[in-house]
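Going by numbering that gives the first Met the number 0, the first residue of the sequence shown is number 0, and it counts up by one from there. For each residue, glycine too, the CB sits at the ideal point set by N, CA and C. Heads up, the thing below is written out as structure tokens.
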Amino acid sequence: MAVVQGGVRGLLQRRGLGQLPLTRLGSNLPPLEGSKEGLELYELKELIGRGSSGRVFRAVRKEDKLQVAIKLMGPDVDGGCAKHRQEFEIMKGVCHPNLLQALDYFQHPCGSALVLSYIPSVTLTAAVRSTTHKHTTSTTFLSEGKAKSLFRMLLDALSYLHHRRIIHSDVKSDNVLVASDLSSLHLTDFGSSRTLRTGDIPVTSTTINFSAPEVLAGEMPSEKHDVWGAGLCLYFMLLGRLPRTVTAYPGFEDFCDAVQAEAVKTSGEAWQAVSDECKAVIRHCLALDKADRPAAMVILEMSWLRCPEDRSGRRFSAPSTCGLKASGNETGNISSSSGDRAGALGTIEIGHQERKPAAVSIDVGSFRDTKHVMAKLLPIREGMHLSEGEA
Numbered sequence: 000m001a002v003v004q005g006g007v008r009g010l011l012q013r014r015g016l017g018q019l020p021l022t023r024l025g026s027n028l029p030p031l032e033g034s035k036e037g038l039e040l041y042e043l044k045e046l047i048g049r050g051s052s053g054r055v056f057r058a059v060r061k062e063d064k065l066q067v068a069i070k071l072m073g074p075d076v077d078g079g080c081a082k083h084r085q086e087f088e089i090m091k092g093v094c095h096p097n098l099l100q101a102l103d104y105f106q107h108p109c110g111s112a113l114v115l116s117y118i119p120s121v122t123l124t125a126a127v128r129s130t131t132h133k134h135t136t137s138t139t140f141l142s143e144g145k146a147k148s149l150f151r152m153l154l155d156a157l158s159y160l161h162h163r164r165i166i167h168s169d170v171k172s173d174n175v176l177v178a179s180d181l182s183s184l185h186l187t188d189f190g191s192s193r194t195l196r197t198g199d200i201p202v203t204s205t206t207i208n209f210s211a212p213e214v215l216a217g218e219m220p221s222e223k224h225d226v227w228g229a230g231l232c233l234y235f236m237l238l239g240r241l242p243r244t245v246t247a248y249p250g251f252e253d254f255c256d257a258v259q260a261e262a263v264k265t266s267g268e269a270w271q272a273v274s275d276e277c278k279a280v281i282r283h284c285l286a287l288d289k290a291d292r293p294a295a296m297v298i299l300e301m302s303w304l305r306c307p308e309d310r311s312g313r314r315f316s317a318p319s320t321c322g323l324k325a326s327g328n329e330t331g332n333i334s335s336s337s338g339d340r341a342g343a344l345g346t347i348e349i350g351h352q353e354r355k356p357a358a359v360s361i362d363v364g365s366f367r368d369t370k371h372v373m374a375k376l377l378p379i380r381e382g383m384h385l386s387e388g389e390a
């Protein structure tokens, strides 16, 4: 496989290459245990979501009338379904109140299907854009108290995943589901996630507007990349927009230069109503150097998030149950050797075992009306790709 040096800059010199095959996953996955009857067990209802890897429908399990969400996916780029199977393998081993539960997986003639717990919700993107802040009519964003509550839930989910050596890799507002009253949050879409278990070969994708500086420079996403995405979600909840989008720059390279060199600002008129403690959290999450970006567990202990109340005095409470159970490891109890809060490892390192080259694709999203502009599938460096398709 050709190697392009210099991260995104090298990619820009290779835009005419067209598509290259992705590395096939799943050589070490256990035998398929999903339902052999497949879709016959479910009654499909309305379409509730659409992503780069497929469509999501609300469905009812015929046996007990349980409402579920079914993600129907076509084959991988190489014609197989190993990537989708690995998404199920990762999801079925986790149980957390802010993560959806994977209930089943099966293959069908046109690809594969992932059955998930169903929770009535909207994306964080839609929720923020439909909420007008009481202090202004010119922009849409959430109050600091609401943003704090949701952000804490998002960090709780990331701390849990990182403790289990799982990196989501595509934390963005479109992959965060919230209740209509903003009382609950669920991180979803593990199609880009990677686990650091021995033998796994990660194939990862991430959205360009939510990509950390080091990822734009050619590094594989790490837990610090997830923290960057969470910080941008908090920024978006407060201001109703992102600090930067690729469509606002003359070219893709100009956008990358800005992300890698210019710190995100938390000053000016738009920030006057935001507390200094909240702005400090954002600056930590969006530190340009990943070494200066704390782990999710550490951010949860910062003063702004330790406070159990918002300015109105209303106390926050997190859900206490995981909801529907899935097959595999169903424990919701985790521990941390570095503190009382179950959370993330400070740094996750890949061992020295021999691996085949990993692969990553970057979703070039415009973040404009949830539409996404995609570039060709081109190598950024060995094991990294920019993919073409809808988000």
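Nearest-angstrom beta carbon gap, residue j and residue i [assumed within contact, 8 Å]
i    : j    : result
A101 : I69  : Incorrect: roughly 11 Å between the Cβ atoms, too far for contact.
L181 : L149 : 6 Å
V245 : F235 : V245 to F235, Cβ: 15 Å. No contact.
A211 : L153 : Between L153 and A211 the Cβ distance is about 16 Å, and since that is not below 8 Å, they are no contact.
I118 : H185 : 6 Å
L160 : V226 : With a Cβ gap of about 12 Å, L160 and V226 do not count as contacting.
G110 : L71  : 7 Å
R282 : T265 : 6 Å
K289 : K223 : 4 Å
K171 : F209 : 4 Å
E276 : S302 : 5 Å
Cβ neighbour criterion (16 or more within 10 Å) applied to residue i
i    : result
L237 : buried
E300 : exposed
P242 : buried
G53  : buried
Q85  : buried
A294 : buried
E62  : exposed
K324 : With a pLDDT of 34 at K324, under the threshold of 50, the modelled position of that residue is not reliable, and no figure is offered here.
C284 : buried
G250 : exposed
A262 : exposed
S191 : buried
S120 : buried
G50  : buried
S158 : buried
K64  : exposed
Nearest residue (CA-CA) to residue i, options the options
i    : options                : result
M90  : K64, A156, H224, S172  : A156
R240 : L123, L186, S192       : L123
Y41  : G53, Q66, L287         : Q66
V273 : E252, A146, G250       : A146
L304 : L285, V127, E143       : E143
R193 : L184, T205, L176       : T205
V59  : G73, K44, K82          : K44
D173 : V127, G217, A262, V297 : V127
H95  : Q106, S129, S120, T187 : T187
G217 : S183, R196, Q259       : Q259
A214 : L195, D256, Y248       : The sequence as given places Val at residue 214; Ala does not occur at that position. Looking at the Cα atoms, D256 is the closest of the given residues.
P108 : S116, E88, V177, P74   : P74
Q106 : L46, E39, T130, A125   : E39
V55  : L115, D103, C80, K64   : L115
L98  : F189, L231, A269, Y248 : F189
I165 : E88, G267, D275        : E88
I47  : G267, K64, H83, L176   : L176
H162 : Y248, L195, R57, V280  : L195
P220 : V280, L231, W270, D169 : D169
V297 : R151, K82, A125        : R151
As assigned by DSSP and simplified to three states, the class of residue i
i    : result
T124 : helix
A257 : helix
K264 : coil
E42  : strand
L157 : helix
Q271 : coil
S392 : The shown model of the chain, from 0 to 390, leaves out residue 392, and the question about it has no answer.
D291 : helix
L107 : Note on residue identity: the sequence assigns His, not Leu, to residue 107. The answer is strand: DSSP assigns H107 an E or B state.
V114 : strand
A286 : coil
L99  : coil
R340 : Its pLDDT being 34, under 50, R340 is placed unreliably by the model, and the measurement read from it follows with that caveat. Correct three-state label for R340: coil.
| Going along the chain, which unbroken runs of the alpha helix (DSSP H) with 4 or more residues stay wholly within the stretch 46 to 77? | As far as the stretch 46 to 77 is concerned, it has no whole alpha helix (DSSP H) run of at least 4 residues.
| query | What are the complete beta strand (DSSP E) segments, minimum 3 residues, inside the stretch 169 to 254? | reply | 175 to 177, 184 to 186, 202 to 206, all fully within the stretch 169 to 254.
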